[in-house]
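Chains as they are written, first to last, in the numbering used here: chain A, 320 to 604; chain B, 913 to 1036.
Down below is the structure, laid out as structure tokens.
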């Protein structure tokens, strides 16, 4: 059976991607953040997953207000980087895993009754590619196959935290029912606290971010009860992206071990956070 | 209808009401992702705007690049930012304009730890 070997929660800030693409990681503004991300690259190099399922949101690049899928699973053989107005990022085309992705679609829709949207043609924007860059650097090809899972968090209402956690748990069952021996890492991306719009633009709430990470590890069911209005109020209008981390958390099973965490304020307009989790309680390790 | 997020200061939640109001405005902004449309808009803004079913207020806010007004009239920041990209602006420029401070003040505020959630704009 295939196995989920770990989870990564991380912000997906476009300016981080631009800093990598333009070789600016050594600049005074960026160096402290990129130094903090080194353990994430070491963990990824050591973990060597075969597949990464990346939960993220599209920012008016693959989808628009014409059609707004709540959960959209990419089943394509490859996913090119999107042109977000500056030309596509100079990153590899992500190779998909259509066989496993279709298996996930079947199991999630038939067994757990998640009404997924299935997507055959989908460029991936910074929401998906920046987390890959942060954890892999600048390889010629991504060192694993990628299954993108796109979540609507831009048009209110996004899915609830409870639904996201339940989807993650269903993803775990679906992966474990796949006869292949793939080792899978799940990414939950977006956040942490930030607000791009309105008079309150520039919001950061580091205590909220820290408490969110603590609850994500220790009591995801409690965190899943937190209503959207609390995220909007405390973590900012774009901080609601954090519900996507609950999908990653659900996919890791009940008990997890926290392997690494970073917080860094700011990257661009965002409180940047990253957490690495593995399945199983610390005592079992 | 009253919402549990109505009292959050300085925040425009992009709900169904905003989305309905701003659909044409947002799709106009999105059209600027394509180079040919950017060129047409730059060459003759009024003629290009005629192609879109904008209200007079929305049209004025586009012409004035009134970022806050665009939000009030149904704009979504990821869409209105497409217009800002055309102007060569960054998200910090737009954030500064919406919160009523200069870009330099905005950048300094972020480096100092950002804006507290209780703020409703201006200098933190």
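The C-beta atom is built at its ideal place from N, Cα and C for all residues, glycine as well.
When DSSP builds the beta bridges, which residues end up paired with residue i?
| i | result |
| --- | --- |
| residue 598/A | 575/A |
| residue 583/A | 591/A |
| residue 469/A | 375/A and 391/A |
| residue 454/A | For residue 454/A, which the question treats as bridged, DSSP gives no partner whatsoever. |
| residue 522/A | 1027/B |
Can you check whether the C-beta of residue i is within less than 8 Å of a C-beta belonging to chain A?
| i | result |
| --- | --- |
| residue 1029/B | yes |
| residue 970/B | no |
| residue 940/B | no |
| residue 1021/B | yes |
| residue 983/B | yes |
| residue 933/B | no |
| residue 916/B | yes |
If we ignore side chains and look at the alpha-carbon of each, how far apart do residue i and residue j end up?
| i | j | result |
| --- | --- | --- |
| residue 375/A | residue 968/B | 36 Å |
| residue 571/A | residue 1016/B | 43 Å |
| residue 543/A | residue 567/A | 12 Å |
| residue 468/A | residue 351/A | 30 Å |
| residue 953/B | residue 959/B | 8 Å |
| residue 978/B | residue 483/A | 36 Å |
| residue 583/A | residue 481/A | 27 Å |
| residue 414/A | residue 972/B | 45 Å |
| residue 400/A | residue 927/B | 28 Å |
| residue 422/A | residue 499/A | 11 Å |
| residue 332/A | residue 1022/B | 14 Å |
| residue 398/A | residue 1035/B | 42 Å |
| residue 934/B | residue 495/A | 44 Å |
| residue 601/A | residue 425/A | 33 Å |
| residue 550/A | residue 450/A | 22 Å |
| residue 280/A | residue 327/A | Within the shown structure, residues of chain A are numbered from 320 to 604, placing residue 280/A beyond reach of any answer. |
Within 8 Å of any Cβ in chain B, is that where the Cβ of residue i sits?
| i | result |
| --- | --- |
| residue 604/A | A caution first: residue 604/A carries a pLDDT of 49, below 50, which makes its placement in the model unreliable, though a value can still be read off. False, the Cβ-Cβ gap to chain B never drops below 8 Å. |
| residue 473/A | yes |
| residue 544/A | no |
| residue 585/A | yes |
| residue 523/A | yes |
| residue 404/A | yes |
| residue 418/A | no |
| residue 330/A | no |
| residue 560/A | no |
| residue 552/A | yes |
_Segment contact, 8 Å Cβ cut-off, at least three pairs: the stretch 447-465 of chain A with the stretch 355-364 of chain A_ = yes
*If you pair each beta-carbon of the stretch 335-354 of chain A with each one of the stretch 521-532 of chain A, do three or more pairs fall below 8 Å?*
no
_Continuous alpha helix (DSSP H) assignments of at least 4 residues falling wholly in the stretch 349-375 of chain A_ = 350-366
*Touch check for the stretch 915-922 of chain B and the stretch 336-347 of chain A: three-plus C-beta pairs under 8 Å?*
With the cut-off at 8 Å, the stretch 915-922 of chain B and the stretch 336-347 of chain A do not touch.
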